Amino acid sequence: MKLNLGSGATPLKGYTNVDKYANSPGVDVVHDLDRTPWPFEPDSVDEIAMSQCLEHLEDCNRAMKEIHRILKPGGILKVAVPHFTWQLAFTDPTHKHFFAYNTFFYYARTPSYFDFAFSSCKVRLVFGKRLSVWNILLEPIFNLFPNAYEQSPLRMFPALHVEAILAK
Numbered sequence: 060m061k062l063n064l065g066s067g068a069t070p071l072k073g074y075t076n077v078d079k080y081a082n083s084p085g086v087d088v089v090h091d092l093d094r095t096p097w098p099f100e101p102d103s104v105d106e107i108a109m110s111q112c113l114e115h116l117e118d119c120n121r122a123m124k125e126i127h128r129i130l131k132p133g134g135i136l137k138v139a140v141p142h143f144t145w146q147l148a149f150t151d152p153t154h155k156h157f158f159a160y161n162t163f164f165y166y167a168r169t170p171s172y173f174d175f176a177f178s179s180c181k182v183r184l185v186f187g188k189r190l191s192v193w194n195i196l197l198e199p200i201f202n203l204f205p206n207a208y209e210q211s212p213l214r215m216f217p218a219l220h221v222e223a224i225l226a227k
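First residue of the sequence shown? That's 60 in our numbering, and the numbers climb one at a time after it.
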């Protein structure tokens, strides 16, 4: 099974689309992701897509624990969230959390800060190519040195999103 959590107006073909709003297009399962446990069996999901949703949840740590619970061993989470340098991360009053390059590594560390841990984590910063031609050139460089990017005035070139792929 493949889930698209927080599908909203962008349901994905081949996925079970989950959203708390029944009137969202293509929703297969209506569920508020702030309410746990989610209506899926442990170790039952092969892949989860979660784009622009995690930042809206009350407790992203609890959501990550629930994702870990329902993913099969070897299952994959593909998540995208706004990067903290992007002004729209702060503009939307429904955003409750902000994310940096290293955020998702906390869920894959041993010893873990949590009572669960993903086995691997890959992260990249995504920059708006249409917004600045410089971003086409700078994105690969900033992804080679993400901590230098986040800790310096280079942040004047804001990243749009953090994309992470975590495996259980």
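Idealized CB from N, CA, C, for every residue including glycine. None of the values given here were measured: they were computed from a predicted structure.
| Asked | Found |
| --- | --- |
| Where the beta strand (DSSP E) through K183 begins and ends | Checking the sequence shown, residue 183 turns out to be Arg, not Lys. From DSSP, the beta strand (DSSP E) with R183 extends over 179-185. |
| Cβ neighbour criterion (16 or more within 10 Å) applied to F149 | exposed |
| Cβ distance (whole Å) where K227 is taken to contact G134 below 8 Å | 5 Å |
| Cβ contact check for the region 213-227 and the region 175-194: 3 or more pairs under 8 Å | yes |
| Nearest neighbour of V89, chosen from Y80, T95, P96 [CA to CA] | Y80 |
| Beta-carbon gap between A122 and L113 smaller than 8 Å | yes |
| Best match in P96, F158, S66, N194 for proximity to N82 [C-alpha to C-alpha] | S66 |
| Where the beta strand (DSSP E) through M109 begins and ends | 104-110 |
| Separation of T169 from F201, as counted between CA atoms | 26 Å |
| Straight-line gap, H115 to W193 (C-alpha atoms, nearest Å) | 30 Å |
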